[in-house]
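Chemist: The following block contains the structure, expressed as structure tokens.
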Amino acid sequence: MAGNGPSYSLYYWPGLPGRGEFVRLVLEQAGVDYDDVARRPEARGGGVPAMLSRLREGPGLRPLAPPIIEHGTRTLAQMPNICAWLAARHGLVADDEDVRAEALQLQLTIADLVTEAHDTHHPLGKGAYYEQQQEAAIANAQQFVDARMPKFLRYFEAVVQANDAGGGHHLVGDRLSYVDLSMNHVLHGLTYAFGRALSVYEPQLPGLMALRDHVDALPRLVAYRASSRCIAFNEDGIFRAYPPLNLLPSSQ
């Protein structure tokens, strides 16, 4: 983003949205400057080598894996942790301590869903290619769309419906939070990877669909998603459009 210099340095794999996208959405909606370090050319100190170097050395507690955010001498890792911290700094979560705890609980549950979605295409091991475990991936994806995906989505739908203060558009509190941004991204990811199953469940999720549409219309996110800063879903990320895994629920 334009400005007098980046306030934050984000380190994440340069070619995929992944878990880094949840952080980007918070930064973009907050309207703050940031340097997506690994997306800079290696000749300008970026690329994967810069990210791997940051995993080995730098200020603050050493992170295990990206995404990583740096701000001055502070370094944080783990997607839910980063999003919660940024949101508290930039008005994307309420000041109330109880609401912040509830928001983090929801964000951690979103992170659980993200992990399960990823593991549909890597059920036997993250170090092996999808093509080496495709038969197991198909079985795992069927279980995911039959049981796990609807379990998570029905839970989040109940949360939206119960949050009277949110007017049907927010998971927690009475205004936009980082959790809404993350839920929006997950819904788009599920559409990309498991669109056939989601189309079956979508009529049961009016609150989540309203939340998705509300976030989609935010001017800063509209501009971001139309820009070169936004990386499209692809088959290197968490949500992957493998046709054999884009299954209908068994009940259909």
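Counting in the working numbering, the sequence shown runs from 1108 upward without gaps.
Built from N, CA and C at the ideal position, the CB exists for glycine as well.
1. Specify whether the region 1146-1156 and the region 1179-1189 touch according to this definition: at least 3 beta carbon pairs, one from each stretch, less than 8 Å apart.
2. Can you list, in chain order, the stretches of the beta strand (DSSP E) that have 3 or more residues and sit fully within the region 1170-1227?
3. According to DSSP, simplified to helix, strand and coil, what is L1117?
4. From the DSSP output, read off the bridge partner residues of D1343.
5. State the DSSP-derived secondary structure class of Y1262, mapped to helix, strand or coil.
6. Quick check on DSSP: helix, strand or coil for D1142?
7. Got a sec? Which residues, its chain only, sit under 6 Å from R1207 by beta carbon, not counting five neighbours each side?
8. Tell me, to the nearest whole angstrom, how far the beta carbon of I1189 is from that of V1130; I am working on the premise that it is less than 8 Å.
9. Which whole-angstrom value is the C-beta distance of P1121 and R1146, which I expect to be below 8 Å?
10. Evaluate contact between the region 1269-1281 and the region 1239-1251, counting only Cβ atoms and requiring at least three cross-stretch pairs below 8 Å.
11. With distance defined between alpha-carbon atoms, name the residue in L1305, T1222, N1291 nearest to N1353.
12. The alpha helix (DSSP H) spanning D1323 covers which residue range?
13. From Q1240 to D1226, what does the alpha carbon distance come to, in whole angstroms?
14. If you draw a straight line from the alpha carbon of V1266 to that of E1149, how long is it in whole angstroms?
15. Alpha carbon to alpha carbon, how far is L1278 from Y1285?
16. Take every Cβ of the region 1296-1304, pair it with every Cβ of the region 1338-1348, and state whether three or more of those distances are shorter than 8 Å.
17. In the DSSP assignment, find the alpha helix (DSSP H) that holds Y1292 and state where it starts and stops.
18. Using the beta-carbon count (16 or more within 10 Å), is Q1359 buried or exposed?
Modeler: Judging by the given coordinates:
1. no
2. 1175-1178, 1181-1184
3. strand
4. BP columns for D1343 are empty, so no partner.
5. helix
6. strand
7. V1200
8. 5 Å
9. 5 Å
10. no
11. L1305
12. 1313-1323
13. 11 Å
14. 44 Å
15. 10 Å
16. yes
17. Sequence inspection shows His at residue 1292; the Tyr mentioned does not correspond to that position. Counting along the chain, the alpha helix (DSSP H) containing H1292 begins and ends at 1285-1308.
18. exposed
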